[in-house]
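In our numbering, the protein residues as written are 4 to 254. The next block holds one structure in the form of structure tokens; read it before the comments.
What follows is the structure, encoded as structure tokens:
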């Protein structure tokens, strides 16, 4: 119903990626850009045992980067793609609740793509940029990435805008090749993407949270300007609901 301010990250940054459990009691956030440099630092959120929860620094990614995506839960997550010198990367790392381990790379190196998956054994990488805008979708089986059917509309600047599982996901918003925000929304059934009813407000740099493609929340982003707008998806339509307390992008 409403958003509530809680404890801040130890390191302010944008362009990172993360994953959580099925409620707000545990989460992991890694990488990003701290205003000066790309970082590998990782923080874990524990919502229990503190009035407003707390973030704690844990073991870092093997590769500092920004603009990557991720999916999974806080004890079994995956981070992939992004950018770090000398350029766009396909590096993939899996997280077991304590450490990050390098695994097989994406077939197509890219940044600012979406991702959806329930854990680090099955998920999808969606769209992205590097150097052109991609509509590629890749399926992760716990060992390798495989090219599968593409998005209907390629787009970027939406690394947190995919959510769900490897068989039921939603991808909303982003930017087109001219850098203009779009409101396109597509659902994934494990085989194909289908155009559905659009977001009420076009934007990029937003985040989407969902367990599958029948219920989701999209929030934040850049329209322009930066926005705190929040919309709820019921499997058919997006509806405006209560906004974030702080407008922001690249969540």
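Backbone N, C-alpha and C define an ideal beta-carbon position, used for all residues, glycine too.
Beta-bridge pairing of residue i - partner residues as DSSP gives them
i: residue 8; result: DSSP output for residue 8 lists no bridge partner at all.
i: residue 185; result: Looking at the DSSP assignment, residue 185 forms no beta bridge with any residue, so it has no partner.
i: residue 23; result: 30
i: residue 207; result: 225
i: residue 17; result: 36
i: residue 115; result: In DSSP, residue 115 forms no bridge with anything.
i: residue 80; result: 75 and 98
i: residue 233; result: 222 and 244
i: residue 174; result: 165 and 189
i: residue 41; result: 36
Environment of residue i [buried if 16+ CB atoms lie within 10 Å]
i: residue 169; result: buried
i: residue 8; result: exposed
i: residue 115; result: buried
i: residue 141; result: buried
i: residue 150; result: exposed
i: residue 46; result: buried
i: residue 155; result: exposed
i: residue 198; result: exposed
i: residue 237; result: exposed
i: residue 59; result: exposed
i: residue 166; result: buried
i: residue 135; result: exposed
i: residue 1; result: Outside the displayed range of the chain (4 to 254) lies residue 1, so it cannot be described from this structure.
i: residue 176; result: buried
i: residue 33; result: buried
i: residue 195; result: exposed
i: residue 105; result: exposed
i: residue 189; result: buried
i: residue 223; result: buried
i: residue 5; result: exposed
i: residue 147; result: exposed
Run of the beta strand (DSSP E) containing residue i, from where it starts to where it stops
i: residue 129; result: 125-129
i: residue 3; result: Residue coverage of the chain in this structure runs from 4 to 254, which leaves residue 3 outside it and unanswerable.
i: residue 45; result: 45-49
i: residue 167; result: 165-167
i: residue 149; result: 148-151
i: residue 142; result: 140-143
i: residue 198; result: 196-198
i: residue 217; result: Run containing residue 217: none; DSSP gives neither H nor E here.
i: residue 58; result: 57-61
Alpha-carbon to alpha-carbon, residue j and residue i
i: residue 57; j: residue 110; result: 37 Å
i: residue 15; j: residue 85; result: 18 Å
i: residue 73; j: residue 120; result: 8 Å
i: residue 67; j: residue 42; result: 5 Å
i: residue 12; j: residue 37; result: 11 Å
i: residue 35; j: residue 20; result: 7 Å
i: residue 248; j: residue 163; result: 19 Å
i: residue 229; j: residue 128; result: 25 Å
i: residue 145; j: residue 103; result: 14 Å
i: residue 211; j: residue 62; result: 26 Å
i: residue 217; j: residue 239; result: 8 Å
i: residue 113; j: residue 81; result: 15 Å
i: residue 90; j: residue 132; result: 11 Å
i: residue 137; j: residue 245; result: 33 Å
i: residue 158; j: residue 118; result: 13 Å
i: residue 174; j: residue 214; result: 12 Å
i: residue 96; j: residue 64; result: 8 Å
i: residue 219; j: residue 100; result: 25 Å
i: residue 232; j: residue 17; result: 18 Å
i: residue 187; j: residue 39; result: 33 Å
i: residue 254; j: residue 204; result: 17 Å
i: residue 202; j: residue 184; result: 11 Å
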